[in-house]
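Working notes, structure below.
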Amino acid sequence: MSMGAGEQVRGILPSARLGLTDYDLIVTDRRIVAAKIGSSGLAGAAGGLIGTAVSLKGQDARRAQYGGMDLNQILTSNKKNFDVPLAAVERGEFNAGISMVTMPTLSLWAAGKKIRFMFTHSFWKKDEGQVAYAKDLLMSTMPGKIEFKRI
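Here our numbering is used: the sequence shown runs in plain steps of one and ends on residue 1342.
Written out as structure tokens, the structure reads:
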């Protein structure tokens, strides 16, 4: 995955849901790119374990497709993809959630709007490693703009 001139990918936060759409959040030193990997509505329609398997297979295929693209190609490859420039982020909040009760969330306030992502991979058992990774990544990318809860 290549970037614009001088832009560096810092990390990826996988399986972030916004509404009924699942995204991988590609965090760079300039922006956060939300790359659509699937829709939770389709998995629910299929039902149960079959729906989950279909959804995960589709997400893996979408991730593989993004692998050969630069960030601008990723942005334009799906109408639901979008980016949030870090300079536009007024503040952010990462809440690690409560195991078996709430999912970890990332809320960003940018350009007068709040965007709230829910990390669906860590609902049943809080993934402490993923929470620590997200905290380190967000703290280094948005110093002074992000606060953390339930870490």
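A virtual CB, placed ideally from N, CA and C, is assigned to each residue, including glycine. Every value quoted in this text rests on a predicted model; they were computed, and no experiment measured them.
Own chain partners of I1228 with C-beta closer than 7 Å, once the 5 adjacent residues on each side are dropped: Translated into positions along the sequence shown, residue 1228 becomes position 37. So the list reads D1213, Y1214, D1215, Q1250, R1253, R1254, once near-sequence residues are dropped.
Three-state class that DSSP yields for S1231 in the structure shown: Translated into positions along the sequence shown, residue 1231 becomes position 40. Here S1231 sits in helix by DSSP.
Pairwise C-alpha distance: N1263 and Q1321: On the sequence shown, residue 1321 is found 130 positions in, with the first residue counted as 1. On the sequence shown, residue 1263 is found 72 positions in, with the first residue counted as 1. The straight-line gap from Cα to Cα measures roughly 26 Å.
Residue of L1209, V1200, R1201 minimising C-alpha distance to S1343: This structure cannot speak to residue 1343, because the chain is shown only from 1192 to 1342.
Buried/exposed call for T1332, threshold 16 Cβ in 10 Å: Here residue 1332 refers to the residue found at position 141 when the sequence shown is read from its first residue. T1332 is classed as buried because its beta carbon has at least 16 other beta carbons within 10 Å across all chains shown.
Same chain only: Cβ atoms within 6 Å of K1340, ignoring 5 sequence neighbours per side: Position 149 of the sequence shown, counted from the start, is the residue given in the question as residue 1340. N1286, listed in sequence order.
Range of the contiguous alpha helix (DSSP H) that encloses V1275: As a first step, residue 1275 is located in the sequence shown; it is residue number 84 there, counting from the start. V1275 -> not in any alpha helix (DSSP H); beta strand (DSSP E) instead, spanning 1273 to 1276.
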